[in-house]
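Asks:
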Amino acid sequence: MGDSSITPRLGNMKALLGIVAGAGASYGIYKLISFKRNKKSSTSGESASVKSTPPQSEVKLQPGSLLARVSGLDVVCPRPVDAASGDIIHQSPNNLEPQHLKMLLSCLQTSDNPLDRCRILVTLGNAAAFTVNQNLIREFEGIHIIAGLLFDSAPELRVQALNALNNLCMNIQNQEQIKIYVPKVLELIEMSPVNSDLQLGALRLLTNLSVTDKHQHLLKESVTLLLSLLVVSNETLQVQTLKVLVNLSSNPDMMDDIVQAQAPASVVLLFDQPTAPAVLLRLLTFAGNLKAWRPSAQVADELRRKQDCLFRVMLDESSQLHSRLVQLLSHPDGEIQAQVARILT
Numbered sequence: 001m002g003d004s005s006i007t008p009r010l011g012n013m014k015a016l017l018g019i020v021a022g023a024g025a026s027y028g029i030y031k032l033i034s035f036k037r038n039k040k041s042s043t044s045g046e047s048a049s050v051k052s053t054p055p056q057s058e059v060k061l062q063p064g065s066l067l068a069r070v071s072g073l074d075v076v077c078p079r080p081v082d083a084a085s086g087d088i089i090h091q092s093p094n095n096l097e098p099q100h101l102k103m104l105l106s107c108l109q110t111s112d113n114p115l116d117r118c119r120i121l122v123t124l125g126n127a128a129a130f131t132v133n134q135n136l137i138r139e140f141e142g143i144h145i146i147a148g149l150l151f152d153s154a155p156e157l158r159v160q161a162l163n164a165l166n167n168l169c170m171n172i173q174n175q176e177q178i179k180i181y182v183p184k185v186l187e188l189i190e191m192s193p194v195n196s197d198l199q200l201g202a203l204r205l206l207t208n209l210s211v212t213d214k215h216q217h218l219l220k221e222s223v224t225l226l227l228s229l230l231v232v233s234n235e236t237l238q239v240q241t242l243k244v245l246v247n248l249s250s251n252p253d254m255m256d257d258i259v260q261a262q263a264p265a266s267v268v269l270l271f272d273q274p275t276a277p278a279v280l281l282r283l284l285t286f287a288g289n290l291k292a293w294r295p296s297a298q299v300a301d302e303l304r305r306k307q308d309c310l311f312r313v314m315l316d317e318s319s320q321l322h323s324r325l326v327q328l329l330s331h332p333d334g335e336i337q338a339q340v341a342r343i344l345t
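Positions 1 to 345 (UniProt numbering) are the ones given, in order, by the sequence shown.
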């Protein structure tokens with residue numbers, strides 16, 4: 001597969017950044033196939049995968065270039081190409097070679113051009129849709145290189161770093177390295193503007209990291225932050241926030257920390273017909289998980305003495321939640337009615 005005409009181009013940043021188009025195209029095809037193969041329904045383990053899009057710029061395919069090699073797109077050539085060049089042009093883009101990933105990671109460290117670094121992150125994130133690349137990026141110390149950009153001052157770089165880490169997090173071995181950055185990810189949620197891409201990217205990463213109970217304990221101090229975000233954010237962020245809360249509340253070992261967390265009283269106001277169905281369904285799943293928890297009388301008494309804790313807001317006899325659930329029995333959405341009925345019985 002080697003073609004000596006390609007080698008000189010590998011040191012050229014513009015040619016290297018051309019991988020973006022190929023990786024992006026392959027990602028879309030891969031995720032479509034993967035979605036059809038693996039789609040399933042679950043109330044206790046939600047995950048999120050992201051397709052990143054590069055910054056808008058015009059990119060021209062050059063016959064025989066690295067871009068043509070990885071894009072899998074037909075290139076209009078001014079003259080016929082030989083068989084070897086044709087093979088490269090039509091190479092399947094999901095077969096990025098290890099040296100390409102190494103080069104991208106190296107350029108990510110050395111480039112001082114924010115636009116170039118952003119494109120590289122997009123490319124690495126899209127390449128991470130493939131298991132082989134997830135493993136290679138980890139082996140090349142790429143997770144720590146990418147995560148280092150969470151500390152960059154440029155918001156767009158942090159967003160793309162989060163998106164890349166989110167896809168890398170689909171790999172269990174990668175989670176062992178990504179988990180050490182949870183404090184920084186939570187800081188980004190707390191310090192970023194409400195409804196920003198930074199908050200959304202951070203929540204998606206936490207969703208994938210909390211699908212299994214292995215790393216959920218890392219988020220036990222974040223419940224108040226998540227509940228506070230839930231009552232002030234838009235529908236998109238509410239859905240993503242609830243995915244994390246549903247994951248955490250599906251683990252009985254996390255329940256003590258969840259019910260003791262301080263919660264805004266306005267959380268119960270979301271249990272209302274005007275609330276978007278996508279939000280309400282997950283909110284009801286969260287409430288159902290909470291109500292399935294059965295504290296002893298002593299524990300319940302102790303929780304009642306904790307001002308503004310989630311137990312008092314949603315589970316105590318004084319909570320408004322029960323009356324609001326009864327009202328939702330008349331909701332026009334049949335699935336919502338069914339969830340409410342299960343909680344009340």
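Glycine is no exception: its CB is placed at the ideal position from the N, C-alpha and C atoms.
(1) DSSP on residue 169, reduced to helix/strand/coil?
(2) Would you tell me roughly how many angstroms separate the C-alpha atoms of residue 261 and residue 114, rounded to the nearest one?
(3) State the beta-bridge partners of residue 337 as determined by DSSP.
(4) Check whether the Cβ atoms of residue 104 and residue 149 lie closer than 9 angstroms to each other.
(5) Among 204, 186 and 139, which one has its Cα closest to the Cα of residue 160?
(6) Determine the burial state of residue 314: buried for a count of at least 16 other Cβ atoms within 10 Å of its Cβ, exposed for fewer.
(7) Report the partner residues of residue 107 according to the DSSP bridge assignment.
(8) What's the gap between the Cα of residue 227 and the Cα of residue 166?
(9) How would you label residue 136, buried or exposed, when you count the other beta carbons within 10 angstroms and need 16 or more for buried?
(10) What does DSSP give as the partner residue(s) for residue 309 in the beta ladder?
(11) Do residue 325 and residue 312 come within 9 angstroms of each other at the CB atom, strictly closer than that value?
(12) Which residues in the same chain have their Cβ closer than 8 angstroms to the Cβ of residue 291, if we skip the five residues on either side of it in sequence?
(13) Give the straight-line distance between the Cα atoms of residue 308 and residue 176, rounded to the nearest whole angstrom.
(14) By the 10 Å Cβ neighbour count, where 16 or more other Cβ atoms means buried, how is residue 323 classified, buried or exposed?
(15) Please give me, in chain order, every unbroken run of the alpha helix (DSSP H) with length at least 4 that falls completely inside the segment 212–279.
(16) Is the number of C-beta pairs between the segment 215–232 and the segment 185–205 that are closer than 8 angstroms three or more?
(17) Can you list, in chain order, the residues of its chain with a C-beta nearer than 6 angstroms to that of residue 189? Leave out the 5 residues immediately preceding and following it.
(18) Beta carbon of residue 258, beta carbon of residue 223: below 9 angstroms?
(19) Helix, strand or coil, according to DSSP, for residue 141 in the structure here?
(20) Less than 9 angstroms between the beta carbons of residue 217 and residue 254, yes or no?
(21) Of the residues 263, 319, 252 and 279, which one's Cα is nearest the Cα of residue 237?
(22) In chain order, what residues of the same chain lie with their CB nearer than 6 angstroms to the CB of residue 142, ignoring the 5 residues before and after it?
(23) Would you mind stating whether residue 170 and residue 128 have Cβ atoms separated by less than 9 angstroms?
(24) Indicate the three-state DSSP secondary structure (helix, strand or coil) for residue 194 in the structure shown.
(25) Would you decide whether residue 241 is buried or exposed? Buried here means 16 or more other CB atoms lie within 10 Å of its CB.
(26) Is residue 335 closer than 9 angstroms to residue 274 when the C-beta atoms are compared?
(27) Residue 330 and residue 268 look like a contact to me (Cβ under 8 angstroms); what is the Cβ gap, rounded to whole Å?
(28) Using a Cβ-Cβ cut-off of 7 angstroms (strictly less than) and excluding sequence neighbours within five positions of residue 337, which residues of its own chain qualify?
(29) According to DSSP, simplified to helix, strand and coil, what is residue 134?
(30) Could you give the distance in angstroms between the alpha-carbon of residue 207 and the alpha-carbon of residue 225?
(31) Can you tell me which of the three DSSP states residue 163 falls into?
(32) Taking Cβ positions, are residue 96 and residue 140 nearer each other than 9 angstroms?
Replies: Working from what's here:
(1) Position 169 of the sequence shown, counting from 1, holds the residue named residue 169. In this structure, residue 169 counts as coil in the three-state DSSP scheme.
(2) Here residue 261 is taken as the residue at index 261 of the sequence shown, counted from 1. Here residue 114 is taken as the residue at index 114 of the sequence shown, counted from 1. In a straight line, the C-alpha of residue 261 is about 40 angstroms away from that of residue 114.
(3) The residue you call residue 337 lines up with position 337 of the sequence shown. Per DSSP, none; premise fails for residue 337.
(4) One-based indexing of the sequence shown puts residue 104 at position 104. One-based indexing of the sequence shown puts residue 149 at position 149. For residue 104 and residue 149, no; Cβs fall outside 9 angstroms.
(5) The residue given as residue 160 occupies position 160 in the sequence shown. Looking only at 204, 186 and 139, the smallest Cα-Cα distance to residue 160 is reached by 204.
(6) For the purposes of this step, residue 314 is taken as the residue at position 314 of the sequence shown. With 16 or more Cβ atoms within 10 Å of its Cβ, residue 314 is classed as buried.
(7) Taking the first residue of the sequence shown as position 1, residue 107 is located at position 107. Beta-bridge partners assigned by DSSP to residue 107: none are found.
(8) Residue numbering aside, residue 227 sits at position 227 when the sequence shown is read from its first letter. Residue numbering aside, residue 166 sits at position 166 when the sequence shown is read from its first letter. Rounded to the nearest angstrom, the two C-alpha atoms are 22 angstroms apart.
(9) One-based indexing of the sequence shown puts residue 136 at position 136. Residue 136 is buried by the Cβ-count criterion.
(10) As a position in the sequence shown, residue 309 is number 309, starting the count at 1. Beta-bridge pairing links residue 309 to 262.
(11) In the sequence shown, the residue the question calls residue 312 occupies position 312. In the sequence shown, the residue the question calls residue 325 occupies position 325. The answer is no: Cβ separation not under 9 angstroms.
(12) In the sequence shown, the residue the question calls residue 291 occupies position 291. Correct list, in chain order: 315 and 343.
(13) In the sequence shown, residue 308 corresponds to position 308, counting from 1. In the sequence shown, residue 176 corresponds to position 176, counting from 1. So the alpha carbons of these two residues sit roughly 34 angstroms apart.
(14) Walking along the sequence shown from the start, residue 323 turns up at place 323. Exposed.
(15) Contiguous alpha helix (DSSP H) elements confined to the segment 212–279 occur at 223–230, 235–249 and 255–260, taking only those with 4 or more residues.
(16) yes
(17) In the sequence shown, residue 189 corresponds to position 189, counting from 1. Excluding sequence neighbours, residue 189 sits near 199 and 202.
(18) The residue given as residue 258 occupies position 258 in the sequence shown. The residue given as residue 223 occupies position 223 in the sequence shown. The answer is yes: Cβ separation under 9 angstroms.
(19) The sequence position of residue 141 within the sequence shown is 141, counting from 1. In the structure shown, residue 141 sits in coil (DSSP, three-state: anything other than H, G, I, E or B).
(20) Position 217 of the sequence shown, counted from the first residue, corresponds to residue 217. Position 254 of the sequence shown, counted from the first residue, corresponds to residue 254. For residue 217 and residue 254, yes; Cβs fall inside 9 angstroms.
(21) Looking up residue 237 in the sequence shown gives position 237. For the residues 263, 319, 252 and 279, the minimum Cα distance to residue 237 belongs to 279.
(22) Locating residue 142 in the sequence shown gives position 142, where the first residue counts as 1. Excluding residues up to 5 positions away in sequence, 105 lie with their Cβ nearer than 6 angstroms to the Cβ of residue 142 in the same chain.
(23) Position 170 of the sequence shown, counting from 1, holds the residue named residue 170. Position 128 of the sequence shown, counting from 1, holds the residue named residue 128. Their beta carbons are under 9 angstroms apart, which means residue 170 touches residue 128 by this criterion.
(24) By 1-based counting over the sequence shown, the position of residue 194 is 194. Of the three classes helix, strand and coil, the one that applies to residue 194 here is coil, per DSSP.
(25) What you label residue 241 is simply residue 241 of the sequence shown in a count that begins at 1. By the 10 Å Cβ count, residue 241 comes out buried.
(26) Position 274 of the sequence shown, counted from the first residue, corresponds to residue 274. Position 335 of the sequence shown, counted from the first residue, corresponds to residue 335. Going by C-beta atoms, residue 274 is not nearer than 9 angstroms to residue 335.
(27) What you label residue 330 is simply residue 330 of the sequence shown in a count that begins at 1. What you label residue 268 is simply residue 268 of the sequence shown in a count that begins at 1. So it is not a contact: roughly 18 angstroms between Cβ atoms.
(28) Against the sequence shown, residue 337 aligns to sequence position 337. Answer for residue 337: 329 and 331, listed in chain order.
(29) Your numbering for residue 134 matches position 134 in the sequence shown. Three-state DSSP puts residue 134 in a helix.
(30) Here residue 207 corresponds to residue number 207 of the sequence shown, with the count starting at 1. Here residue 225 corresponds to residue number 225 of the sequence shown, with the count starting at 1. The straight-line gap from Cα to Cα measures roughly 15 angstroms.
(31) For the purposes of this step, residue 163 is taken as the residue at position 163 of the sequence shown. In this structure, residue 163 counts as helix in the three-state DSSP scheme.
(32) Here residue 96 is taken as the residue at index 96 of the sequence shown, counted from 1. Here residue 140 is taken as the residue at index 140 of the sequence shown, counted from 1. No, Cβ-Cβ distance for residue 96 and residue 140 is not below 9 angstroms.
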